[in-house]
Every structure is written in structure tokens, then in C-alpha cells.
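Residue numbers (our numbering): 778 to 908.
And the structure:
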């Protein structure tokens, strides 16, 4: 889904997959790139519409969508869960199950350590993948 985004008087067409996080503030919907740059999304766009068009994005709350590959960890208890990403921390809604976020974080950690597996024996690599 191509979005016509603006930042510092620059207008550019950006695909939704390029964003690490898409969040809604009181007036605007903002897309955050992996390097931390924030882009304003089109005037009539909403998190709900983007979530419907992009099922690969995970919805942490009614105002935050996160790309799976940018989730690093989940902390907190049942009432105050925080989702840590490569570009910041966001609260997970109580109504949304946290387990998919924990699974995505574990997969990202495993993928981060996977390149170092060439030093391990195959059986040790398989044991790491099983956890």
C-alpha cells in the first residue's frame, strides 16, 4: 500500500512496509522509519484502515501498528505491558493478547543470533531453534 507522506515540506510516496511503527496522535497518523525518521501520513488515513490493508502489521493498541521484525521484547505485567521496538516503547492494550508479540520478539532474537551459528555444531543450532 503506497502512502503519500510528508516530512519537513517534502512529499514522498512510501510503501507501508518501509515503516517500523505507525501510530496515531490526537490529530495525525505518523509513520516511523527504522532509522527514527517520522513521516506524516495522508490527512484522511487511519490506523484502522491501514491495519485492514496490511495484515502483516501487528496491532498493539487502537493507535499503534508495529512491524514484526522491529519487535525486540515485551515487559511488564497484565495491566501494564510495554512493547519494546527498535524505534521506541509502546503500551500493549489489555484487550489484545500479548503472546504473538512475545513470539515475534523471540523469533527476532533467534534471527539475530542465527548468523553466529556457523561456530556451533548442527545439534547445538537445532537445540537453539527448539527454544
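Idealized CB from N, CA, C, for every residue including glycine.
Residue from 794, 820, 797, 795 with nearest C-alpha to residue 806:
Taking the chain shown and counting its residues from 1, the one referred to as residue 806 is at position 29. Nearest C-alpha to residue 806: 820.
Close Cβ partners of residue 885 (< 7 Å) along its chain, the five nearest in sequence each way excluded
As a position in the chain shown, residue 885 is number 108, starting the count at 1. Correct list, in chain order: 846, 848, 849.
Could you give the residue range of the beta strand (DSSP E) that holds residue 830?
Walking along the chain shown from the start, residue 830 turns up at place 53. Counting along the chain, residue 830 falls outside any beta strand (DSSP E), though it belongs to the alpha helix (DSSP H) covering 824 to 830.
Using DSSP's beta-bridge definition, name the partner residues of residue 784.
Counting from one through the chain shown, the residue named residue 784 turns up at place 7. Its beta-bridge partners are 787.
Neighbour-count burial assignment, residue 835, 16 or more Cβ in a 10 Å radius
Residue numbering aside, residue 835 sits at position 58 when the chain shown is read from its first letter. Buried: at least 16 other Cβ atoms inside 10 Å.
Exposed or buried, which one is residue 972 when buried takes at least 16 other CB atoms within 10 Å?
The question about residue 972 has no answer here: the residues shown for the chain are numbered 778 through 908.
Run through the DSSP bridge pairs and tell me what residue 800 is partnered with.
Along the chain shown, read from residue 1 onward, the residue named residue 800 stands at position 23. As computed with DSSP, residue 800 is found in a beta bridge with 807, 841.
Are three or more beta carbon pairs between the segment 853 to 872 and the segment 783 to 801 nearer than 8 Å?
Yes, the segment 853 to 872 is in contact with the segment 783 to 801.
Does DSSP classify residue 862 as helix, strand or coil?
Reading the chain shown from its first residue, position 85 is the one you call residue 862. It is a strand residue.
Keeping to the same chain, check which residues put their C-beta closer than 6 Å to that of residue 861; ignore five residues upstream and five downstream.
Numbered from 1 along the chain shown, position 84 holds the residue referred to as residue 861. Closer than 6 Å at Cβ, skipping near neighbours: 849, 850.
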